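Student: Would you mind keeping the following structure in view while I ask a few things?
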Amino acid sequence: MISGLICSVSLVWMTFMRYYQAPLVTTQMPEGVSVSKIIFPAVGICTNNRISKSAIEELARNLLREERNKNYTEKQMLSLLLGLGLLYNQQPMNEKLMQPMKLHRALGDYDVNELMRNLQFSDAYDFPDAPSGSFAMQIVNPSVEMVVFVTASFTEASRDIQHVPTKLRQCLFYDESSYLPFYTHSDCLLKCRMLFLLAKCKCTPFNMPKMVNNRTCDIRDIPCLKIYNAQSTTVRPNVDMISPELELDMVGGGINCPMCYPSCSKTAYSYDFMNTKIWPDYMNTVPDGDRMDWLQGANFTGTSMVHVKYAREVADCYGQNVIMKWFDLISNIGSTCGFVTGFSFVSVIEFIYFYTVKLYREIGNRRRQEKRIASETSTVNNFEPISRYRPIYWNELGGSTQWKQGSYY
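Start counting the sequence shown at -18; every next residue gets the next number (the working numbering).
What follows is the structure, encoded as structure tokens:
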């Protein structure tokens, strides 16, 4: 019996620990979900040039009209403007070739977000940010027709998992975080990186969202951004033991963002690209009557076409839920007890009831009965005892005339 109880307790403990370590399960829905119910990712087509030659020449002419730049020639101004590229790659500055402070004074009051406005991309709900994961880019070659096939994977989490502690389920719903009004994993990492750079360099880079009452980094902040660039793009994993293979010591240990858990419900996109060569000399000779409506009158010289569409009409759909509810857990524990010891979990409750509540009630009833008996005994002692037979009245045996006073036999 004792060995059975030990075995039963061990199995119950193992069952509980397995549930505690992995309380969630992810299953694939065989029917999937229609792509019409999934938001299409945002697509932006931008130039690969950081800034065109004509634009930089126009900027130089505009700056030369300012009073502060009257001592510069157009050639000198163009050489100063070469330093604008340092904002993109944080290259080491050679004071002899690049003069950032002179360029800063020559630009005057400027907004780097306006100077670099054509570099931003959009992707669904997240701000496009490569280190945070919400970013995709593909170079389009000239004279090609590119078809981009988008494959979506949708994961929907049940609200039943919300009672599971966050550290166990390792995810957050969009309305569950006080860190962001609309929570996504990518935006959380982005905000964490912005606050890190704001604390170190007292500014935020131009390619990140603006923060109220905080300035945007300019050329003066390039040395600071250079120092913390690698560390700001490396987020430390939210685990107890960090593998040495990650080599976080080479990037200053990375940054710690313990508040950023993955999103419970999310849509992941993957992209496949297919290129077809366009022959402009032949395509330009095709009459408009043989072309599609949107291609009539088009000149294919130096032109590329891009088609972005879903690869399938149905997207993969996954559901996330608790592996078992509380009554399932109790049922499993009861089955284990019944298999090993011969009685179920309900029997344990009955034993507890019998030896606690039932025993307490029986003891109380006996005490009340003893008090009642003692009370009845004290009441009887106040009266004469009642015999079984009453005394005989001898005159009943004979008539009253037979007995005379002084007569005897």
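Built from N, CA and C at the ideal position, the CB exists for glycine as well.
Remember, predicted model here, so these are calculated numbers, not experimental data.
Indicate the three-state DSSP secondary structure (helix, strand or coil) for residue 50 in the structure shown.
Tutor: Here residue 50 sits in helix by DSSP.
Student: Which residues share a DSSP beta bridge with residue 291?
Tutor: DSSP links residue 291 through a beta bridge to 131.
Student: Take every Cβ of the region 147 to 160, pair it with every Cβ of the region 229 to 248, and state whether three or more of those distances are shorter than 8 angstroms.
Tutor: yes
Student: Should the region 174 to 193 be regarded as contacting the region 126 to 138, the criterion being three or more beta carbon pairs within less than 8 angstroms?
Tutor: no
Student: Residue 19 and residue 296 look like a contact to me (Cβ under 8 angstroms); what is the Cβ gap, rounded to whole Å?
Tutor: 6 angstroms
Student: Distance check for residue 201 and residue 58, CA to CA, integer angstroms please.
Tutor: Taken atom to atom, the span from the alpha-carbon of residue 58 to that of residue 201 is near 18 angstroms.
Student: Distance, Cα to Cα, residue 93 vs residue 255?
Tutor: The predicted position of residue 93 is uncertain, since its pLDDT is 47 and thus under 50; a value taken from the coordinates is nonetheless stated next. Near 36 angstroms, if we compare the C-alpha coordinates of residue 255 and residue 93.
Student: So, for residue 240: in the same chain, excluding its five sequence neighbours on each side, which residues have a beta-carbon less than 8 angstroms away from its beta-carbon?
Tutor: So the qualifying residues of the chain are 158, 160, 169 and 173.
Student: Provide the residue span of the beta strand (DSSP E) that contains residue 11, from first to last.
Tutor: 5 to 15
Student: Counting pairs of beta carbons, one from the region 229 to 236 and one from the region 208 to 218, are three or more of them closer than 8 angstroms?
Tutor: By the Cβ test, the region 229 to 236 is in contact with the region 208 to 218, since at least three Cβ pairs between them sit closer than 8 angstroms.
Student: Could you tell me the alpha carbon to alpha carbon distance between residue 286 and residue 37, rounded to whole angstroms?
Tutor: 28 angstroms
Student: Assign residue 288 to buried or exposed, taking buried as 16 or more other Cβ atoms, counted over all protein chains shown, within 10 Å of its Cβ.
Tutor: exposed
Student: Let's test the definition: count the other Cβ atoms within 10 Å of the Cβ of residue 27 and tell me whether it reaches 16, buried, or not, exposed.
Tutor: exposed
Student: Under three-state DSSP, which class holds residue -12?
Tutor: helix
Student: Closest to residue 6 by C-alpha separation, out of 276, 121, 305 and 282, would be which residue?
Tutor: 305
Student: Would you report the Cα separation of residue 263 and residue 282, rounded to the nearest angstrom?
Tutor: Residue 263 and residue 282: Cα-Cα distance of roughly 10 angstroms.
Student: Can you give me the Cβ contacts of residue 126 inside the same chain, cut-off strictly under 6 angstroms, excluding the 5 residues immediately before and after it?
Tutor: Residues 257, 259 and 286 of the same chain have their beta carbon placed closer than 6 angstroms to that of residue 126, with the five preceding and five following residues left out of the count.
Student: Just grab the DSSP bridge partners of residue 217 for me.
Tutor: Answer is 237.
Student: In or out: residue 468 buried (at least 16 other Cβ within 10 Å) or exposed?
Tutor: Absent from the structure is residue 468, since the part of the chain shown begins at -18 and ends at 390.
Student: Between which two residues does the beta strand (DSSP E) holding residue 36 run?
Tutor: Residue 36 -> not in any beta strand (DSSP E); alpha helix (DSSP H) instead, spanning 34 to 45.
Student: In whole angstroms, give me the CA-to-CA distance for residue 207 and residue 268.
Tutor: 55 angstroms
Student: Quick check: what's the CA-CA separation for residue 108 versus residue 61?
Tutor: 32 angstroms
Student: So is residue 175 buried or exposed if we call it buried at 16+ other beta carbons inside 10 Å?
Tutor: buried
Student: Helix, strand or coil: which one does DSSP assign to residue 178?
Tutor: It is helical.
Student: Check whether the Cβ of residue 271 sits closer than 8 angstroms to any heavy atom of the ligand ATP, and report yes or no.
Tutor: Judged by which ligands are present, the structure shown has none, so any question about the ligand ATP falls away.
Student: Measuring only the C-alpha atoms, how far is residue 299 from residue 183?
Tutor: 43 angstroms
Student: If we count the other Cβ atoms within 10 Å of its Cβ and call it buried at 16 or more, is residue 11 buried or exposed?
Tutor: Classification for residue 11: exposed.
Student: For a test of the three-state rule: what should DSSP assign to residue 255, helix, strand or coil?
Tutor: When secondary structure is reduced to three states using DSSP, residue 255 falls in the strand class.
Student: From residue 45 to residue 14, what does the alpha carbon distance come to, in whole angstroms?
Tutor: About 59 angstroms.
Student: Specify the secondary structure class of residue 185 as computed by DSSP and reduced to three states.
Tutor: strand
Student: Excluding the 5 residues preceding and the 5 following residue 167 in the sequence, name in chain order all residues of the same chain whose CB lies nearer than 8 angstroms to its CB.
Tutor: 107, 108, 110, 113, 114 and 115
Student: Please determine, among 303, 55, 251 and 333, the residue with the shortest C-alpha to C-alpha distance to residue 293.
Tutor: 251
Student: Going by CA-CA distance only, name the one from 185, 25, 344 and 352 that's closest to residue 400.
Tutor: No statement about residue 400 is possible, as the shown extent of the chain runs from -18 to 390 and does not include it.
Student: Using the C-alpha atoms, what's the distance from residue 188 back to residue 203?
Tutor: 14 angstroms
Student: CA-CA distance, residue 238 and residue 40?
Tutor: 40 angstroms
Student: Using the beta-carbon count (16 or more within 10 Å), is residue 123 buried or exposed?
Tutor: Residue 123 is exposed by the Cβ-count criterion.
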